[in-house]
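Okay, structure first, notes after.
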Amino acid sequence: MVYKPKSWVVLSNTMNVSTIDMGNGYEAVFFEKTEIMSTYLLAIGIGDLVGVQGFTSDGILTRIWSYRSGKGQLEAALKSAIRCTDAMTKYTNYQLPLKKIDHLAVPSFFGAMENFGLIVYSRYNLLLNPNDTQDKLFSWMGMTSVICHELSHHWFGDVVTNKWWGDIFLHEGFADFFENKAMALAYPKEKDLMVRLIEL
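Whatever position you read off the sequence shown (first residue = 1), add 825 for this note's numbering.
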């Protein structure tokens, strides 16, 4: 349960299931029980947020969120998130046990974190200004690779988690591999161009 101003959005690993009016402009929000997961993957995001949404091929609700200053910079991330999720699902032949995956851009963050169902990013890794023409392709590739990296952790690290922190290199090794593999599967027409740019 999270207690928040009514005008704010609150996100967690699962869908919210009910809301109780607490008076004075506040409400309590309750969330579905999570799947079995490691406690370090628990996350809550809250604020005056705006978002866009779509669905993967297998019906997972995919949402991109940011503070209002990021409005208008979310669509590219939504497209990449859906494509990368679809690519990973098809490649692994495993559908995630999630109803939704939220991707949240925050103003100050170290990079990104693969919380199960609520991935948190630095705004610089998720938002893409459609009016910015300088290095647009490189910016898009950087954004998409981070999205694919964090999503791949859902298969390698979240659904299946190592016994102890000493094996964390396995999580990151798989994610480093799949950020490029999933990008290539998600964008097959652009694959050769991406390879040439990476080699530069």
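Just so you know, even glycine gets a beta-carbon here, dropped at the ideal spot from N, CA and C.
Per DSSP, M862 lies in no beta strand (DSSP E) segment and is marked neither H nor E. Straight-line spacing of the CA atoms in L953 and V945 works out to 16 Å. DSSP places E900 outside any beta strand (DSSP E); the residue lies instead in the alpha helix (DSSP H), whose first and last residues are 900-917. If you draw a straight line from the Cα of H978 to the Cα of I871, it is about 23 Å long. Sequence-distant partners of S964 (beyond 5 residues in either direction) whose C-beta falls short of 8 Å from its own C-beta, in its chain, are L953, D957. The alpha-carbon separation between M966 and G848 amounts to approximately 46 Å.
For K961, the secondary structure class from DSSP, reduced to helix, strand or coil, is helix.
Note on geometry: alpha-carbon atoms of K896 and K904 lie some 16 Å from one another. Residue range 948-951 is occupied by the alpha helix (DSSP H) that includes N950. Of the candidates G991, G850, V827, S832, V827 places its Cα closest to the Cα of S843. For I871, the three-state secondary structure derived from DSSP is strand. Pairing V875 with N918, the inter-Cα distance amounts to about 33 Å.
G895 carries a helical assignment under DSSP once its states are collapsed to helix, strand and coil. Collapsing the DSSP output to three states places G998 in a helix.
W890 is bridged by DSSP to G876, L929. In this structure, the beta-carbon distance from A930 to S970 does not fall below 8 Å. Contact annotation: I907 and G879 have beta-carbon atoms nearer than 8 Å. Taking 8 Å as the cut-off, the beta carbon of M840 is found no closer than this to the beta carbon of A901.
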